[in-house]
Amino acid sequence: MSLVDRQEDVKETSAPRRTPGLAAALPGLLILFSIGLIVFAERVAPGFASASNLMQLLKLASFLGLVALGQTVVMLVGGIDLSLAWVLTASAVLFTSICLGQDANLPLAAAAAIAIGVLSGLVNGFGIVKLRIAPIIMTLAMNNVMLGATLVYTGGNPGGGISPFIRAVATGSIAGIPWMVVLWAVVAFCAIVAIRYSRWGRRLLAVGENSRVSFLSGINNDAIVIGAYVFSGIMASVTGILFAAFSGASFLGMGDQFLLPAIAAVVLGGTSMFGGRGGYGGTVAAVFFATILSTVLVIGSISAGMRNVIFGVAVLAAVIAQKLLARGEDQSM
Amino acid sequence: MKLKLLIRLALGAMALLASTAAYAEPYKIAVSNSYIGNEWRVQMIKFMEAYTAKNLKGKVELTVNNSGTDAQKQIAVLSDMISAGVNAILVNPASDTALDAVIEEACKQNILVIAFDQPVTAPCAYVVAVDFTEIGRIHAQWLADTLGGKGNVVINRGVSGFPADTNMNAGMTEVLAKYPDIKVVGEVYGKWDNAVSQQELTKVLTANPKVDGILNQYGTYGALQALLNLNRPLVAMSGQGENGWRIAMLDYKDKGLQGVSAGDPAVIGAYALKIAVDILDGKAPADKHVAVLVPTVTTAELKPGTNVFPDLSPTLDADTDIPGANLGLTIEDGTGK
Amino acid sequence: MSAIAVPRRLIGDRWSAIVFAVLLTLLILLKGRFTAFDLRSLCVAALQLALIALGQYLIILTRGIDLSLGPIASVSGAVMAIVIAGNPALGLMLPVAFGLCAGLLNGVLVVGIGLPPIIVTLATMSIWQGAALMVLPDPGGSVPSFYQAFFIGGFSSPYIGLVSLLAWGGIVSWVLSTRFGLNLRAIGGDELAAEMSGVRVRGVKITAYTLGGLLAAIGGMYMAISMSSGSPTVGDGYILTSIAAVVVGGVPLVGGRGSPLAVVMGALILTITASLLFFAEVSSFYQSLIDGCILLLVAGSAGARDFIRGLVRK
Chain A
368 MSLVDRQEDV KETSAPRRTP GLAAALPGLL ILFSIGLIVF AERVAPGFAS
418 ASNLMQLLKL ASFLGLVALG QTVVMLVGGI DLSLAWVLTA SAVLFTSICL
468 GQDANLPLAA AAAIAIGVLS GLVNGFGIVK LRIAPIIMTL AMNNVMLGAT
518 LVYTGGNPGG GISPFIRAVA TGSIAGIPWM VVLWAVVAFC AIVAIRYSRW
568 GRRLLAVGEN SRVSFLSGIN NDAIVIGAYV FSGIMASVTG ILFAAFSGAS
618 FLGMGDQFLL PAIAAVVLGG TSMFGGRGGY GGTVAAVFFA TILSTVLVIG
668 SISAGMRNVI FGVAVLAAVI AQKLLARGED QSM
Chain B
109 MKLKLLIRLA LGAMALLAST AAYAEPYKIA VSNSYIGNEW RVQMIKFMEA
159 YTAKNLKGKV ELTVNNSGTD AQKQIAVLSD MISAGVNAIL VNPASDTALD
209 AVIEEACKQN ILVIAFDQPV TAPCAYVVAV DFTEIGRIHA QWLADTLGGK
259 GNVVINRGVS GFPADTNMNA GMTEVLAKYP DIKVVGEVYG KWDNAVSQQE
309 LTKVLTANPK VDGILNQYGT YGALQALLNL NRPLVAMSGQ GENGWRIAML
359 DYKDKGLQGV SAGDPAVIGA YALKIAVDIL DGKAPADKHV AVLVPTVTTA
409 ELKPGTNVFP DLSPTLDADT DIPGANLGLT IEDGTGK
Chain C
23 MSAIAVPRRL IGDRWSAIVF AVLLTLLILL KGRFTAFDLR SLCVAALQLA
73 LIALGQYLII LTRGIDLSLG PIASVSGAVM AIVIAGNPAL GLMLPVAFGL
123 CAGLLNGVLV VGIGLPPIIV TLATMSIWQG AALMVLPDPG GSVPSFYQAF
173 FIGGFSSPYI GLVSLLAWGG IVSWVLSTRF GLNLRAIGGD ELAAEMSGVR
223 VRGVKITAYT LGGLLAAIGG MYMAISMSSG SPTVGDGYIL TSIAAVVVGG
273 VPLVGGRGSP LAVVMGALIL TITASLLFFA EVSSFYQSLI DGCILLLVAG
323 SAGARDFIRG LVRK
């Protein structure tokens with residue numbers, strides 16, 4: 368609900384609970400779509416569906432997946448984080464400039480980069496909760512502030528370097544499985560479990576669903592919401608570090624490409640923009656789907672305009688299919 | 109007595125006039141840049157500021173505004189510049205046609221307008237820009253020659269909907285069309301960004317096991333990272349004047365990497381500034397379209413410290429001059445360090 | 023409850039006007055003057071944002087959101103720029119018809135099928151971005167200068183821009199004062215209650231999306247007119263800015279509230295900040311930093327006022 372003024376939450380009526388079977392079916396459907404796309408791509412470009420290729424694509428997807436985790440948590444409490452693009456970039460830039468290619472500098476560099484995420488998340492959360500600035504504005508402005516701060520800090524010329532260890536994490540693999548994929552799988556497992564079963568996860572959903580009720584039941588709404596933005600900031604920073612390591616350097620604007628795909632993945636994964644329902648499992652499936660879809664569009668040598676159209680139609684198709692699956696269940700949105 | 113006084117006064121007045129002529133009001137020059145969030149644009153601005161500090165001290169007052177990718181906002185900013193009564197407006201336009209009306213209005217109020225980096229269609233404006241089609245031709249011709257006229261090629265384009273992308277691509281496809289044995293097996297949009305180029309090329313490379321060459325509008329460093337990450341052979345590539353690409357051309361020379369670096373130089377803004385001052389001084393060039401030669405470098409022509417800087421950021425544009433412009437700038441002017 | 027809510031709403035509406043007045047005063051102080059030329063460029067630049075933001079506002083009244091309005095404007099401007107030189111009537115009608123259809127499509131998907139607005143409009147955003155590139159791969163086409171003189175006025179005639187801005191704000195205010203508008207506000211306030219009191223909720227909501235598409239398309243036409251040409255990407259900058267303008271105008275995203283004139287003020291505020299940055303001679307690297315801070319200051323000012331008031335009372 369609170370893309371919005373927090374005070375207004377009172378009126379939100381609580382929607383009937385989604386049955387667990389259906390909730391599990393939505394990500395399943397996206398995975399099914401993805402498999403269909405892979406089969407299709409293998410027909411067009413034989414050899415595409417090899418294990419090593421798919422691992423490479425999963426590695427690409429892992430970065431979007433990590434950013435989208437932060438966005439998922441924010442959207443669970445009914446917010447949105449548009450600042451992740453330049454929080455990611457700022458963190459990456461600060462990281463490389465402190466790390467200077469030395470493993471010895473790694474802890475300090477990582478701590479400084481993550482501090483950016485924490486700080487921006489705190490400011491976002493404070494503005495949204497205490498000053499009642501709409502999340503969309505607060506985080507949009509924070510994005511501009513981060514852009515400006517990065518330009519001022521670097522003079523527009525990011526430097527430094529990636530240390531061997533983090534480079535190995537972001538690009539290396541073990542037994543044919545990229546470390547990034549292992550990392551993402553572990554993070555995803557923890558996140559899915561935490562959101563569904565931990566006290567924190569239940570509180571996130573409760574605040575997002577109906578902040579008045581959650582407040583009356585003794586939850587500190589403000590802390591939960593601020594915490595969600597801090598978490599999102601941290602995820603953007605961590606992704607920034609890993610993505611810089613993957614790219615071999617930090618670049619201005621390297622986070623921009625994640626902004627809309629992250630939102631799309633979260634919503635396509637079944638998390639409501641008005642909070643209170645969803646989880647990370649759906650987001651993971653949606654990230655996977657989006658990566659495969661954009662790859663298939665690239666190999667089909669289709670014009671840029673047509674790619675956009677197909678992407679939009681595919682998203683609509685997926686969401687309509689989800690809706691048909693969930694038919695019979697009350698969807699207030 | 110009175111006569112003497114009069115002469116003195118007259119002399120004094122003449123001296124005063126002469127001195128004001130020598131210390132004339134500095135030219136007010138306003139720069140309207142569109143997007144600022146990438147390294148090339150930042151370096152372009154830094155070069156302009158450094159050129160003013162070095163060569164035009166006291167002669168030019170420079171103000172810079174960044175209005176973003178939105179042409180509407182740039183129209184508003186240009187109106188502000190007209191209203192501020194500047195002598196000249198240098199504009200890196202967000203669109204080649206959108207600004208025409210406001211540029212015509214500036215010309216009407218006797219303000220010199222120079223569009224640089226990208227052209228505009230307003231006839232009263234000077235244009236200082238490289239021919240993007242020519243960049244495309246240089247890249248494709250070099251690749252065709254290197255591949256001996258046959259092979260599978262991937263094209264890494266920019267942002268669709270922008271003339272620079274269309275024109276570079278037109279130059280590339282025009283040349284490739286002459287080589288029937290060269291097949292374009294993939295086309296991606298790297299958005300003139302290293303990180304996006306790396307991701308998009310990874311996708312297209314996974315689908316194409318045999319690629320012999322990559323034409324990059326920009327983002328060549330990212331393209332190279334994609335090859336390295338996938339453990340693919342380092343195929344022949346073209347790129348712009350990106351320092352990271354030139355460093356790679358040197359570093360991977362022994363591993364068989366062949367490359368060419370030719371592109372739109374970030375010093376083009378400083379060059380436009382030089383031309384603006386010339387025009388304000390009464391030395392206008394004969395043609396309103398000032399041709400800018402494309403700095404082109406192959407691996408053999410790379411000289412560390414001159415046109416490639418191994419110790420500096422890979423994201424810098426490594427050209428510090430334009431053939432024939434003699435700007436007297438160094439790479440440090442572009443980094444501000 | 024309502025006794026407190028009413029004065030706050032009045033201030034809420036005026037707050038954006040007060041903020042705008044402060045910013046305008048600041049600009050005039052910085053510049054030393056404010057000419058007809060300045061008035062014209064401010065109004066014309068704000069006009070296009072205002073139209074798209076007004077469309078967004080109608081949709082936000084239903085507690086929805088629309089990310090496709092910017093690209094709808096791109097397509098409409100592109101179509102206009104291609105067609106109008108050859109066939110003026112078609113050049114004016116086609117974009118309008120397109121805007122209605124595109125808005126209707128959003129409405130049917132959101133209301134008819136019951137899909138979340140953000141995901142529907144994210145998808146249609148991508149579709150219209152693609153369509154704009156297919157209609158007009160590069161900026162081009164042409165809109166004869168006659169239209170510029172007629173619809174937004176030449177550079178020396180400031181009033182057409184100002185009048186258009188106020189007129190569009192007025193037209194939307196009038197729409198909201200009709201039966202449809204009252205129903206729309208009622209739905210945004212409390213959908214269930216509105217439905218129980220006999221409002222045809224679905225019809226009203228679909229109409230809101232359709233009108234939103236129409237206003238965005240008209241915004242796109244104004245863009246094509248002021249640029250004398252079309253551009254396939256010009257609307258992308260308005261995807262988020264149109265929402266920002268609504269919020270800066272003091273309208274909460276929960277629906278049912280705010281006024282069209284406040285939205286117009288929001289558009290003026292966002293437009294004038296660019297001029298402020300120029301005349302304050304802010305160093306180019308600090309511009310986005312300060313731009314972000316101004317946005318925060320404007321959006322946070324009302325909240326900060328309440329926050330401080332709350333502290334004082336304690």
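Chains as they are written, first to last, in the working numbering: chain A, 368 to 700; chain B, 109 to 445; chain C, 23 to 336.
Beta carbons are placed, not taken as given, at the ideal position from N, Cα and C, and that holds for glycine.
Please report how far the alpha carbon of residue i lies from the alpha carbon of residue j, in whole angstroms.
i: Tyr79 (chain C); j: Pro288 (chain B); result: 55 Å
i: Val402 (chain B); j: Ile243 (chain B); result: 7 Å
i: Arg338 (chain C); j: Ala238 (chain C); result: Residue coverage of chain C in this structure runs from 23 to 336, which leaves residue 338 (chain C) outside it and unanswerable.
i: Leu187 (chain C); j: Asn141 (chain B); result: 27 Å
i: Ala653 (chain A); j: Gly637 (chain A); result: 9 Å
i: Ser98 (chain C); j: Val172 (chain B); result: 33 Å
i: Phe582 (chain A); j: Ala457 (chain A); result: 35 Å
i: Asp328 (chain C); j: Leu692 (chain A); result: 45 Å
i: Trp314 (chain C); j: Glu133 (chain B); result: Here residue 314 (chain C) is Gly; the residue named in the question, Trp, does not match the sequence. Rounded to the nearest angstrom, the two C-alpha atoms are 35 Å apart.
i: Glu212 (chain B); j: Ala537 (chain A); result: 52 Å
Using a Cβ cut-off of 9 Å (strictly closer), state whether residue i contacts chain B.
i: Gln70 (chain C); result: yes
i: Thr662 (chain A); result: yes
i: Gln309 (chain C); result: yes
i: Ala154 (chain C); result: yes
i: Gln423 (chain A); result: yes
i: Ser458 (chain A); result: no
i: Thr506 (chain A); result: no
i: Ala616 (chain A); result: yes
Would a check of beta-carbon distances place residue i closer than 9 Å to chain C?
i: Arg566 (chain A); result: no
i: Ala180 (chain B); result: What sits at residue 180 (chain B) in the sequence shown is Gln, not Ala. For Gln180 (chain B), the answer is yes, since a Cβ of chain C falls inside 9 Å of its Cβ.
i: Arg410 (chain A); result: no
i: Pro271 (chain B); result: yes
i: Gly524 (chain A); result: Residue identity differs from the one stated: residue 524 (chain A) is Asn in this sequence, not Gly. For Asn524 (chain A), the answer is no, since every Cβ of chain C falls outside 9 Å of its Cβ.
i: Ser578 (chain A); result: no
Name the one or two DSSP bridge partners that residue i has.
i: Thr406 (chain B); result: B:Val368
i: Val235 (chain B); result: B:Ala223 and B:His397
i: Glu350 (chain B); result: B:Asp425
With 16 as the cutoff for other CB atoms within 10 Å, does residue i come out buried or exposed?
i: Trp250 (chain B); result: buried
i: Thr57 (chain C); result: exposed
i: Ala408 (chain B); result: exposed
i: Glu308 (chain B); result: buried
i: Tyr647 (chain A); result: buried
i: Gln217 (chain B); result: exposed
i: Ala508 (chain A); result: buried
i: Val157 (chain C); result: buried
Am I right that residue i and residue j are in contact with their C-beta atoms under 8 Å? What's the rounded C-beta distance?
i: Ile666 (chain A); j: Gly294 (chain B); result: 7 Å
i: Val460 (chain A); j: Thr521 (chain A); result: 6 Å
i: Gly163 (chain C); j: Ala100 (chain C); result: 7 Å
Less than 9 Å between CB atoms is the rule here; does residue i satisfy it with respect to chain A?
i: Phe300 (chain C); result: no
i: Lys154 (chain B); result: yes
i: Ile182 (chain C); result: no
i: Arg354 (chain B); result: no
i: Cys123 (chain C); result: no
i: Gln151 (chain B); result: yes
i: Pro161 (chain C); result: no
i: Ala129 (chain B); result: Confidence at Ala129 (chain B) is low in this model, with a pLDDT of 48, below 50, so its placement is unreliable and the value that follows should be read with caution. No, Ala129 (chain B) does not count as interfacial toward chain A.
i: Thr84 (chain C); result: no
Practice problem: Would you list, in chain order, the members of the segment 622 to 641 of chain A that have their beta-carbon closer than 9 Å to a beta-carbon of chain D? | Solution: Here the protein chains are A, B and C, and chain D is not one of them.
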